[in-house]
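Chains as they are written, first to last, in our numbering: chain P, 1 to 340; chain A, 1001 to 1295; chain U, 2001 to 2235.
To start, the structure itself, in structure tokens.
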Amino acid sequence: MSAVAAPLPPRRVERWTRVSISFTTALAALLALLAFAPLLFGENTLDNLIQLYFLVILAIMWNALAGYGGLVSVGQQAFIGIGAYAVVFLSVEHSLNPYVAMLLATLIGAGISVPLAAVMLWLRGGAFAIGMWVVAEVFAIFVSLDATLGGGTGTSAVLAFNLRYSPEQRTHYTYWAALGFAGVLLVVLFVLLRSRLGASLQAIRDDEEAARSVGVRVLLGKGVLFVLAGAGCTAAGAVILAWQLSILPLGPDSVFGVNWSAKMIFMVLVGGLGTFEGPIIGAIVLYLLQQYGPQNGVWYFTLLGGIAIGVALFLPRGLWGAVRDRFNLQLLPVGYRVRS
Amino acid sequence: MNWANAVLHGILLGGLYALLATGLSLMFGVMRIINLAHGSLALLGAYMAFLLVEHAHISTYLALLPVLPGALVVGYVLQRTLLERSLRAGELVPLLTTFGLLIVIANLLEYFFSPDVHSLDSGRIGGASWRISSHFTLPWFDALILGVAVVVLGGLQLLLRRTQIGRELRATAADPDTAELLGVDARRVYATATAIAVATAALAGVFYAMRSAFDPFAGPTQLIYAFEAVVIGGLGSLWGTLLGGIVLGVAQTVSAQIDVQYFALGGHLVFLAVLILRTALQAGGLRVLPRGASA
Amino acid sequence: MSLLEVRDLDARHGLLQAVRQVSLDVEAGETLALVGANGAGKTTLLRTIAGAHRPSAGRVVFDGRDVTRLSPHERVRLGIALVPEGRRLFPELTVEENLRVAAAAGRAGRWTVEEVLETFPLLAPLRRKVAKSLSGGEQQATAIARALLTNPRLLLLDEVSLGLAPIAVDGVYAALQPLFESDATIVLVEQDLGRALSVATRVVCMLEGRLVLTGAAAELSREQVTDAYFGLAKA
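Structure representation (structure tokens):
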């Protein structure tokens, strides 16, 4: 009388597919190859690649927060500014080797992000987003009021670099630093997403209450992402300092400026929020726009804004999201696939 | 140091912030959209008024007559075209599109009006003030702005409480699905909210431009102040927005008394303190916000 | 021509196929009971008819007009009203405000705020009370009254007894009785088989998204319905 279900066919749960194995290997090979770039390419190319790398760092970090943690922050520029100013402070005021200063700066940024997380992570949604923006503004104002850091007119690390390195050396070392930071952060993110924390983050993203009820440590998960993003954006700030050498605390081009958030949002949403590959693609798009787009400021930004609007309306999952949905593709194995 | 006078000026400044913040509060309350272009739309209103004043040679106040209805239309169309689709696409998407809009507006304004600063004439009331005592002076223009803010907020409150469109706005804000099931056209309701929001923004923008010099990139700063006012006052409360504006204004003017460079800093610190305090109280079980409004 | 014709309707709920190839006719004046276990697809079906849910295939035809692409508020204008599962009152609005939203947005007809307050006398003293402060039974009465104020030609009731104490359910059904006896067309989702069979003229049973039984209430035995409910009907 009772219906007994037929036994289910055996299914396999896998993490790696043929495609993702080949792609991940190719990516690792690419990273290794890129390390040799200074031996092959001229300064101009290296300089451009440095820009691409720090854009990639910013994109993957913002995506880590918003895409994986559900935390939209319009204030990550707080850390960019900290990174840049910390390197100046350590290398100019305290005569540290600027590259050592970059590493230290990243630690400082991570250190600041911990108490900041304790305070800010109680906030949700829009309040968190704007709250972080205000935090960035506060940092900017404090720096602009500090005469030893150059005050409102900004400061530069020209001396710290030029006394030690030739311009060519500076470019090469900064290139490796940028590539190194980007590579390390990509690996850390990759490992994180494949770990238990990664699974719990997915759960938090889907339904925070439900996740909490099955024992997921929500605040811990978000906290880890916040500190990672803080450290990552600080590293990017350090690279930006090494790249442009002089910085300002206030104004549209400042290291604490909201324009940086604008770029991060653009890259991640154009590339594909919540995907691993998306932000990298978004960074490449922004980079190409910067290089080959209109050089006139007004039209460059209008184009940027127009593309942002267009993507949001017609490609809401971003470029990568659209490709992924269409072809059911996953290049990097951060999820699970069930095969029967 | 004249603290008392600074407080008075801060209260009046709060009126401008409240007026600016009204539209932001409305859009967030009804649609949960954070309109990053809000400040820029306010500025757009100022530039439109400027255009009329320059070419038609009318007073700024008279220029409001065409600018406000124009802003209503702009808001309605903006919602039906850009924001409606953004809402459908996802929670974070309106952030991107309104951000894109902010960039486009700022840069188009720069192209058409040059990056130079301009100002709007505020008429005879502009420079006038009432010397109440040796300690207090009351600038009439700022008092006018506060008065306008109170009237606008009061009017909006009446609209929400007493009219059918107000009920539909509140119902759709609470539960758009069910509102639709009762015959309410949610998209039309949203567009009405945006229309009102952009019109109040334009009004605030014109007053802002009469009060101080403006340039195409003033949008983001005003946006941040408007946000701070909304959040300090409590999301989802119109009179809260007035209170928030006033608290922000006072924090700013009092800080400026200590050192003129602390003007914005004071406001930011108060904003952060209120935010954290309120969230901590909520976590501790005390209900300080209306249900449904998260800090 | 039936008042409502549903043809080959498919509807998804997330990744789940909630409604599979459902075809159904509702005649004017009848009271159709839609029964089935939790998750059988009843709510999704009602919501799709009301327009709150997009079908992935199939058609909904109301009074000869294909409404499949119409939004819910447009269907209200034509005369379809849904009392949603869980009541879904606007929590911060008063009872009267909840009613007035529907009254002004819906169609004109015999139901006005005053008329509705006469039919549901328990609501009259509650006019100015905020909806979230009402008891379950009071909320259900308000939700039904609210839907009636759109003067529907087809009334869809989704689990009006859900979460209510038996006495409250008695009250709701007592108030609904005149409606059942009138020439109103009603589709009623109800987990309580006894009640469903007692008020309905026709019964349909859903199981895992499909219709598995249909027949006049008077002609079907309780056992037949129960078997279909649990999927035991097949030999």
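Here a beta-carbon is modelled for each residue, glycine too, at the ideal position from N, C-alpha and C.
Quick caveat: nothing in here was measured; it's all calculated off a predicted structure.
Check                                                                                                                            : Outcome
Interface partners of E209(P) on chain A, CB under 7 Å                                                                           : Going along chain A, no residue has its Cβ under 7 Å from E209(P), so there is no contact; the nearest lies around 13 Å.
Chain-ordered chain U contacts of R984(A) [CB-CB under 9 Å]                                                                      : Because chain A spans 1001 through 1295 in this model, residue 984(A) falls outside it and cannot be assessed.
Beta-carbon gap between G2079(U) and R2153(U) smaller than 7 Å                                                                   : yes
Those runs of the alpha helix (DSSP H) which lie wholly inside the region 2007-2095 of chain U and span at least 4 residues      : 2042-2050, 2072-2078
Residue burial classification, A147(P) (beta-carbon count within 10 angstroms, cutoff 16)                                        : exposed
Nearest residue (CA-CA) to W133(P), options L1223(A), L1182(A), A1209(A)                                                         : L1223(A)
Option nearest F1271(A) by Cα separation, candidates V1230(A), V1206(A), F1099(A), G1127(A)                                      : V1230(A)
Residue(s) in a DSSP beta bridge with A2216(U)                                                                                   : R2202(U)
Residue interval of the beta strand (DSSP E) (run including W1130(A))                                                            : 1129-1131
Minimum length 4: unbroken alpha helix (DSSP H) runs contained in the region 243-289 of chain P                                  : 258-271
Touching by the beta-carbon criterion (3+ pairs, under 8 Å), the region 1202-1216 of chain A and the region 1103-1123 of chain A : yes
Beta carbon proximity, F301(P) to chain A, threshold 7 Å                                                                         : yes
Residue from A35(P), I57(P), A32(P) whose Cα sits closest to the Cα of L286(P)                                                   : I57(P)
Cα-Cα separation between G1045(A) and L1203(A), rounded to whole angstroms                                                       : 7 Å
First and last residue of the uninterrupted beta strand (DSSP E) at V2187(U)                                                     : 2185-2189
Chain U contact residues for A1174(A), given Cβ-Cβ distances below 8 Å                                                           : F2090, P2091, E2092, L2093
Environment of W16(P) [buried if 16+ CB atoms lie within 10 Å]                                                                   : exposed
Any C-beta of chain U under 7 Å from that of T1178(A)                                                                            : yes
Residue nearest to L289(P) in terms of C-alpha spacing, selected from T302(P), L123(P), C233(P)                                  : T302(P)
Sub-7 Å separation of A1171(A) and F2090(U) beta-carbons                                                                         : yes
C-alpha distance - M102(P) paired with G109(P), whole-angstrom precision                                                         : 10 Å
Contacts that L2082(U) makes with chain A (C-beta to C-beta distance below 8 Å)                                                  : L1181
Other residues of its chain near R2077(U): CB distance less than 7 Å, five sequence neighbours each side excluded                : R2107
Opening and closing residue of the alpha helix (DSSP H) in which D2227(U) lies                                                   : 2222-2230
Interface flag, L269(P) vs chain A, CB-CB below 7 Å                                                                              : yes
V2060(U) to R2020(U) span [Cα, whole Å]                                                                                          : 14 Å
Contact set for A178(P): own chain, Cβ-Cβ below 7 Å, skip 5 residues either direction                                            : I50, Y53, F54, V239
Buried versus exposed call for M1962(U) [16 or more other C-beta atoms within 10 Å across all chains shown]                      : A question about residue 1962(U) goes unanswered here, because the residues of chain U that appear run from 2001 up to 2235.
Proximal residues, the region 305-317 of chain P versus chain A, C-beta separation under 8 Å                                     : G305, G306, I307, A308, I309, V311, A312, L313, P316
Cβ of Q1157(A) within 7 Å of any chain U Cβ                                                                                      : no
Where the region 1218-1236 of chain A meets chain P: residues whose CB sits under 8 Å from a CB there                            : P1220, I1224, F1227, E1228, V1231, L1235
Beta-carbon proximity of V258(P) to A84(P), cut-off 7 Å                                                                          : no
Interface positions of the region 172-194 of chain P facing chain A (Cβ-Cβ less than 9 Å), listed along the chain                : none
Beta-carbon proximity of L1138(A) to G1015(A), cut-off 7 Å                                                                       : no
Delimiting residues of the beta strand (DSSP E) encompassing P1139(A)                                                            : 1137-1139
Length of the line joining the Cα atoms of A2174(U) and M2206(U)                                                                 : 26 Å
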